[in-house]
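Chemist:
Written as structure tokens, this is what we have:
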């Protein structure tokens, strides 16, 4: 399952490097180009409680099966949309006068990545803890975080295209990769949803199996 995660984290890492550089090409109006990355933790602090207190209870009430596989799939979609947004924005940056686009137009890219984190990172850590044997939980959790290191290595390999004039295609390609990885993940692990649906229903109802 974790083999798909480096492809997600390649998209996630963009908010800590290339998107900051992209902001530097925009009209800052006194805003530091690395300020917008703070939208990521702020959005997470708002979105995660909203999911836990509103969205997930509502889904349970209406018996909508929003299982971990589906949550991770949705997270991939948010990351993909974020990269597509960054690609379109970069296109307009290239085709507009220098520093004519306001930097805050970049905000949705950070917020969409934050939404993806709420579904992928939170759910991934949950699976690493709950599905692993008790004596291997720390090892499995470490393997989860190792996927970020693999993604960082991929980003280093992408360095030659992480610069002008290739950024439109670089962001767009990452959006495609995120979408394909999410769909592949869903297809690969969809049978497990049916196998575990009975166990999840027991958990939702609060009964012992």
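Numbering (this note's numbering), first residue to last: 18 to 226.
Glycine included, C-beta positions come from ideal geometry on N, C-alpha and C.
If you pair each beta-carbon of the segment 88 to 103 with each one of the segment 124 to 133, do three or more pairs fall below 8 Å?
Modeler: These segments touch.
Chemist: What is the rounded straight-line gap between the Cα of residue 173 and the Cα of residue 80?
Modeler: Between residue 173 and residue 80, the C-alpha separation is close to 44 Å.
Chemist: Which residues share a DSSP beta bridge with residue 119?
Modeler: In DSSP, residue 119 forms a bridge with 44.
Chemist: For the alpha helix (DSSP H) that residue 81 lies in, which residues bound it at each end?
Modeler: Neither: residue 81 is in no alpha helix (DSSP H) and is coded neither H nor E.
Chemist: Determine the DSSP secondary structure at residue 191, reduced to helix, strand or coil.
Modeler: The answer is helix: DSSP assigns residue 191 an H, G or I state.
Chemist: Count the other CB atoms, across all protein chains shown, that sit within 10 Å of the CB of residue 24; report buried if there are 16 or more and exposed otherwise.
Modeler: With 16 or more other Cβ atoms within 10 Å, it is buried.
Chemist: Tell me, to the nearest whole angstrom, how far the beta carbon of residue 64 is from that of residue 73; I am working on the premise that it is less than 8 Å.
Modeler: No, residue 64 and residue 73 are not in contact; Cβ-Cβ is about 12 Å, not under 8 Å.
Chemist: Roughly how many whole angstroms lie between the Cα atoms of residue 184 and residue 150?
Modeler: Spanning the two alpha carbons is a distance of roughly 43 Å.
Chemist: Can you give me the Cβ contacts of residue 30 inside the same chain, cut-off strictly under 7 Å, excluding the 5 residues immediately before and after it?
Modeler: The residues are 168, 169, 172.
Chemist: Taking 7 Å as the cut-off, is the beta-carbon of residue 77 closer than that to any non-hydrogen atom of the ligand ATP?
Modeler: Looking at this structure, you won't find the ligand ATP or any other ligand, since it has none at all.
Chemist: Using a 10 Å radius around the Cβ and a threshold of 16 neighbouring Cβ atoms, would you call residue 71 buried or exposed?
Modeler: So residue 71 ends up on the exposed side.
Chemist: May I have the straight-line CA-CA distance separating residue 116 from residue 192, to the nearest angstrom?
Modeler: About 25 Å.
Chemist: Taking only the alpha-carbon atoms, compute the straight-line gap between residue 227 and residue 50 and give it to the nearest angstrom.
Modeler: Because the chain is modelled from 18 through 226, residue 227 falls outside the range shown and cannot be assessed.
Chemist: I'd like the list of long-range same chain contacts for residue 60, defined as Cβ closer than 6 Å, with 5 residues on each side in sequence excluded.
Modeler: Answer for residue 60: 128, 131, listed in chain order.
Chemist: Whole angstroms is fine: what's the gap from residue 218's alpha carbon to residue 202's?
Modeler: Unreliable positioning characterises residue 218 in this predicted model, as indicated by a pLDDT of 43, which lies under 50. The coordinate reading is nonetheless provided below. Their Cα atoms are separated by approximately 23 Å.
Chemist: For residue 58, which option in 86, 158, 138 has the closest C-alpha, if you only look at C-alpha atoms?
Modeler: It is 138 whose Cα lies nearest to the Cα of residue 58.
Chemist: Tell me which residues share the same chain as residue 68 and place their Cβ nearer than 7 Å to its Cβ, disregarding the 5 neighbours each side in the sequence.
Modeler: Closer than 7 Å at Cβ, skipping near neighbours: 135.
Chemist: Look at the alpha carbon of residue 207 and the alpha carbon of residue 21, and state the distance between them as a whole number of angstroms.
Modeler: Approximately 14 Å between the Cα atoms of the pair.
Chemist: Taking only three categories from DSSP, how would you classify residue 54?
Modeler: Note: residue 54 maps to helix in three-state DSSP.
Chemist: Rounded to a whole number of angstroms, what is the C-alpha to C-alpha distance between residue 109 and residue 160?
Modeler: Computed Cα separation, rounded: 39 Å.
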